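From first to last, the protein sequence lines stand for chains A and B.
Just remember that this note's numbering sits 124 ahead of the position in the first sequence, which is counted from 1.
Just remember that this note's numbering sits 46 ahead of the position in the second sequence, which is counted from 1.
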Amino acid sequence: MKYISISVVCALLFGACAKKRPSIGIVDGYVPIYASVAASESITQMAPQTIVEGGKIAKLGRYIFQVENNKGIHITDVNNPATPIKKGFISIPMCQELTLKGNYLYSNNLSDLVVLNLTDVNAITVSSRIKNAFPEISLPTPIQTNVYFECADLSKGAVIGWELKKIDNPSCRK
Amino acid sequence: MQKIMKKIFYTIAVFVMFFMASCTKDGGSSSSSADGSSSNGSLTRFITVGNYLYSVDFKNLKAYNISNPATPVLKTTTSVGFNIETIFPYGDKLFIGSNQNMFIYSISNPEAPSKLSEVTYFVRGRDPIVVKDTVAYSTLRNFGTGGTLSVFNIKNINTPVNVNTTFLNSPYGLGIKDSALYICEGPNGLKVFSIYKPHLPVLKKQISNTETFYDVIVEDNILFCYIKGGIYLYDVSNIYNPVFISFIKN
Chain A
125 MKYISISVVC ALLFGACAKK RPSIGIVDGY VPIYASVAAS ESITQMAPQT IVEGGKIAKL
185 GRYIFQVENN KGIHITDVNN PATPIKKGFI SIPMCQELTL KGNYLYSNNL SDLVVLNLTD
245 VNAITVSSRI KNAFPEISLP TPIQTNVYFE CADLSKGAVI GWELKKIDNP SCRK
Chain B
47 MQKIMKKIFY TIAVFVMFFM ASCTKDGGSS SSSADGSSSN GSLTRFITVG NYLYSVDFKN
107 LKAYNISNPA TPVLKTTTSV GFNIETIFPY GDKLFIGSNQ NMFIYSISNP EAPSKLSEVT
167 YFVRGRDPIV VKDTVAYSTL RNFGTGGTLS VFNIKNINTP VNVNTTFLNS PYGLGIKDSA
227 LYICEGPNGL KVFSIYKPHL PVLKKQISNT ETFYDVIVED NILFCYIKGG IYLYDVSNIY
287 NPVFISFIKN
């Protein structure tokens, strides 16, 4: 009970501090990129892309898959490890996770679980989608840490990315 | 007669090849390919085991039936803890890492995972786990102050015992092949430990360059390293001495 009271007092104190924090002026910070529901759920196959913010990996059969953080999945043929061949890229907004079984790839598109059919890697199709399966995975915050950002306002649409800009007195930080 | 001998020879050859292929996959890799599941890095939140897909989000473990792989069906949602970040399957167990705990769940009933035990760390950090036989290895990265490799004896799965702690620089994901333990050290590269004595990891080699190393998958004799800018491939025919093969980037 004592601890709860202390926690509550601390929370109140911190809350109060956050509100009364003096203006920090114009700083470098991340601004949400909003998209319509249709655009944020659009999964498309593209030509191979350069890996910039490489993410998690999974290997199955001759292919290795790597997430491009928040953007999609790179597919590379590593049947001959000495000469890997990039096969393509699947654009999946806010993708961070992946695993595979047989011909199917399981990933996240924002907070939805999506299943892709990879039977033909040149013609990948979306098999199914479970809405809001991972409410906390795609938290609308930038992937970077120790940065300021403009708090996401989901009434403006789904957050499908972040861009670095000069922003005036941002109220979010992580 | 010669024809029959030839036939027998081919039958044996095919059998031997099949047997060898089924043995090449190492137990330390994240998933077994026997059921058609991918190998995953230790930092993953999604895995498949048999006809089930398991996911961990911030606090829940979800079990989906994927008997029809195109359309997962959610079976159970289990509240595990807070700040869950990783999941690793080993046999009929799931090892789940949060920023302060290692949780062990049984999936002997794959649809309804049940908790067997948990270990609470004294410090907070990140927490991927890999397992070999009766030993679990987990790295913890403390923000700003380095990190550790913790070794747990899990012979008694209900009461894991921390048998060793080794200091590291900035650990992320890890993986096992035979008696080699590969640990990604972020900007400090990749470290290779011998776990010939499973409770006593011994540093054998460190590889570092300008890249940031995050996680590994080991399949056959190839070590796939997830780095920020792509994937490095190393030959680990000599398990303690990875030899660079190629780099996936552009």
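We treat Cβ as the ideally placed atom computed from N, Cα and C, and that holds for glycine.
It should be emphasised that the depicted structure is a prediction, and the values quoted were computed from it without experimental measurement.
Here Asp-236 (chain A) carries a strand assignment [DSSP, helix/strand/coil]. The beta carbon of Asn-293 (chain A) lies closer than 7 Å to those of Ser-147, Ile-148, Gly-149 in the same chain, with the five residues before and after it left out. Nearest to Asn-210 (chain B) by C-alpha distance, out of B:Asn-284, B:Asn-147, B:Val-248, is B:Val-248. Excluding its 5 nearest sequence neighbours in each direction, Ile-284 (chain A) has C-beta neighbours in its own chain below 8 Å: Ile-157, Tyr-158, Ala-159, Ala-163, Ser-164, Asn-194, Pro-217, Met-218, Leu-234, listed in chain order. Distance check between Val-289 (chain B) and each of B:Asn-296, B:Tyr-278, B:Lys-121 places B:Tyr-278 closest, using alpha-carbon atoms only. Taking CB atoms only, Thr-265 (chain A) has no neighbour in chain B less than 8 Å away. Burial is judged here by how many other beta carbons sit within 10 angstroms of a residue's own beta carbon; His-198 (chain A) has at least 16 and is buried.
Comparing C-alpha distances from Ile-294 (chain B) to each of A:Ile-188, A:Met-170, A:Ala-171, A:Tyr-154 shows the shortest one belongs to A:Ile-188. At least one CB atom of chain A sits nearer than 8 Å to the CB of Ser-85 (chain B).
When the Cα atoms are used, Tyr-228 (chain A) and Phe-273 (chain A) turn out to be separated by approximately 36 Å. Contact between Ile-175 (chain B) and Tyr-167 (chain B) does not hold, since their C-beta atoms are separated by about 12 Å, which reaches or exceeds 8 Å. Going by beta carbons, Val-181 (chain B) and Lys-223 (chain B) fall outside the 8 Å limit.
DSSP places Ala-182 (chain A) in the uninterrupted beta strand (DSSP E) bounded by 178-184. Look at Lys-243 (chain B) here: in three-state DSSP terms it is coil, with no helix or strand label. Contact between the stretch 198-215 of chain B and the stretch 84-92 of chain B is not established, with fewer than three Cβ pairs separated by less than 8 Å.
The three-state secondary structure of Leu-278 (chain A), taken from DSSP, is helix. CA-to-CA, the gap between Asn-270 (chain A) and Ser-283 (chain B) works out to about 41 Å. With a threshold of 8 Å between beta carbons, Pro-205 (chain A) makes contact with chain B.
Considering only beta carbons, no part of the stretch 211-244 of chain B lies closer than 8 Å to chain A.
DSSP places Asp-81 (chain B) within a helical segment (H, G or I) once states are collapsed to three.
In the DSSP assignment, Val-102 (chain B) is bridged to B:Leu-107.
The beta carbons of Glu-257 (chain B) and Ile-273 (chain B) sit closer together than 8 Å. Each of B:Ser-144, B:Asp-138, B:Asn-145 was checked against the Cα of Tyr-151 (chain B), and the nearest Cα belongs to B:Asp-138. Contact of Phe-213 (chain A) with chain B is not assigned, every C-beta pair being separated by 8 Å or more.
Residues of the same chain with a CB within less than 6 Å of the CB of Pro-205 (chain A), apart from the 5 flanking positions on each side, do not exist. Listed by position along chain B, the residues whose Cβ is nearer than 9 Å to that of Ser-251 (chain A) are Pro-115, Ala-116, Thr-117.
For Ala-247 (chain A), the secondary structure class from DSSP, reduced to helix, strand or coil, is coil. With contacts defined as CB atoms closer than 8 Å, Tyr-286 (chain B) and Lys-250 (chain B) qualify as a contacting pair. With 16 or more other CB atoms across the displayed protein chains lying within 10 angstroms of its CB, Ile-229 (chain B) is buried. If you draw a 10 Å sphere on the C-beta of Ser-101 (chain B), you find 16 or more other C-beta atoms in it, and that means buried.
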